[in-house]
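Right, dumping it as structure tokens:
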């Protein structure tokens, strides 16, 4: 159970981080200690709230550091048999690994995998016993991609080598991965989802406010339900909209991954995951030299997910 809380309880003093700070801002320990919830499975809550109309906050239970074993999986393909190399992708691996370790996750890193090998690694990761004592997991998938999935190292147009995104969700759903039942499962995807450029030129005048979207409507499927929801507590964050490309700086890494890391560093101490993702989207709102818009998809989170870095 989550108690009703007075908004003033949430107000904490915290020095704003420097704009050039390259590390996580931690949630202050003193403020955490002052707030004790009666539920033993929930650690104290510490967030910065500006709205005085907040009446109830529900969050995913977070286990204490000494009682949990958090795991995260990074799969990144950089070299391919028939596709150009993803130059600069090693920066993405280093950045995401450092971020996740800073958030308290033990990171499993896999590279140069075919679609079948990626599926095998995902299934092995889903079976890890550590998930039973974890409170969440991150899956980071980085490669070339198409609309339906992410490319393995053997992919070409005549002989597709693709791991379907739907397969990833199936592997970690409540039917196949009970150890992560009722726990947030965060999927980060850095990959193209088509060949579109993701932009549309319009005149800056009231007569041109209506912009025709290039996205196709997606089919909605009804979740199968037995005694529990088969698919729940997921959230996917993709680097671009369907049918469009994602961009990578060969000297720095993927633009999406760089912005994602920056927003986690700045905001994970005070914002829940969805808000952090929206901050990333905001940074792409005005198209620069190359346009892309990250999308939050297939969300079945039922509560707010706070990471409480440093705790």
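Residue numbers (full-length UniProt numbering): 1 to 311.
Think of the CB as a built atom: it goes at the ideal place given N, C-alpha and C, for glycine as much as any other residue.
DSSP-derived helix/strand/coil call for residue 169: helix
Close Cβ partners of residue 100 (< 8 Å) along its chain, the five nearest in sequence each way excluded: 72, 74, 107, 138, 140
Rounded Cβ spacing between residue 105 and residue 184 (contact assumed at less than 8 Å): Actually they are not in contact, since the Cβ atoms of residue 105 and residue 184 sit about 12 Å apart, beyond 8 Å.
Cβ-Cβ separation, residue 294 to residue 254 (assumed contact under 8 Å), whole Å: In fact, because the Cβ distance is near 11 Å, the residues do not count as touching under 8 Å.
Residue 265 (DSSP reduced to helix, strand or coil): helix
Cα-Cα separation, residue 264 to residue 248: 19 Å
Span separating the alpha-carbon of residue 261 from that of residue 186: Cα to Cα, residue 261 sits roughly 14 Å from residue 186.
Residue 286 burial status per 10 Å Cβ neighbour count (16 or more: buried): That one is exposed.
Distance CB(residue 276)-CB(residue 283) smaller than 9 Å: no
Proximity winner among 27, 135, 95, relative to residue 180 (alpha-carbon distances): 135
Residue 141 in three-state terms, based on DSSP: In the structure shown, residue 141 falls within a strand segment according to DSSP collapsed to helix, strand and coil.
Residue 216, DSSP secondary structure in three states: Low confidence applies here, because residue 216 scores a pLDDT of 39, under 50, leaving its location unreliable; read the following figure in that light. Of the three classes helix, strand and coil, the one that applies to residue 216 here is coil, per DSSP.
Contact set for residue 171: own chain, Cβ-Cβ below 8 Å, skip 5 residues either direction: 119, 122, 123, 126, 177
Proximity to residue 151 [Cα-Cα], best of 251, 306, 192, 175: It is 192 whose Cα lies nearest to the Cα of residue 151.
According to DSSP, residues forming a beta bridge with residue 76: 111, 142
Separation of residue 309 from residue 229, as counted between CA atoms: Roughly 30 Å between the two C-alpha positions.
Residue of 87, 270, 28 minimising C-alpha distance to residue 304: Cα-wise, what sits closest to residue 304 is 270.
6 Å Cβ shell around residue 130 - same chain, five flanking residues per side excluded: 69, 71
Backbone secondary structure at residue 98 - three-state DSSP: helix
Status (buried if at least 16 other CB within 10 Å, exposed otherwise) for residue 299: exposed
CA-to-CA distance, residue 113 to residue 86, given in whole angstroms: Each residue's alpha carbon lies about 14 Å from the other.
Cβ-based burial, residue 246 [other Cβ within 10 Å; buried from 16]: buried
Separation of residue 79 from residue 66, as counted between CA atoms: If you take the alpha carbons of residue 66 and residue 79, they lie about 39 Å apart.
Option in 279, 27, 189 with minimal Cα separation from residue 297: 189
Between the CA atoms of residue 76 and residue 233 - distance to the nearest angstrom: 24 Å
Inter-residue CB distance, residue 153 and residue 81 (contact presumed, cutoff 8 Å): 6 Å
Same chain only: Cβ atoms within 7 Å of residue 164, ignoring 5 sequence neighbours per side: 148, 149
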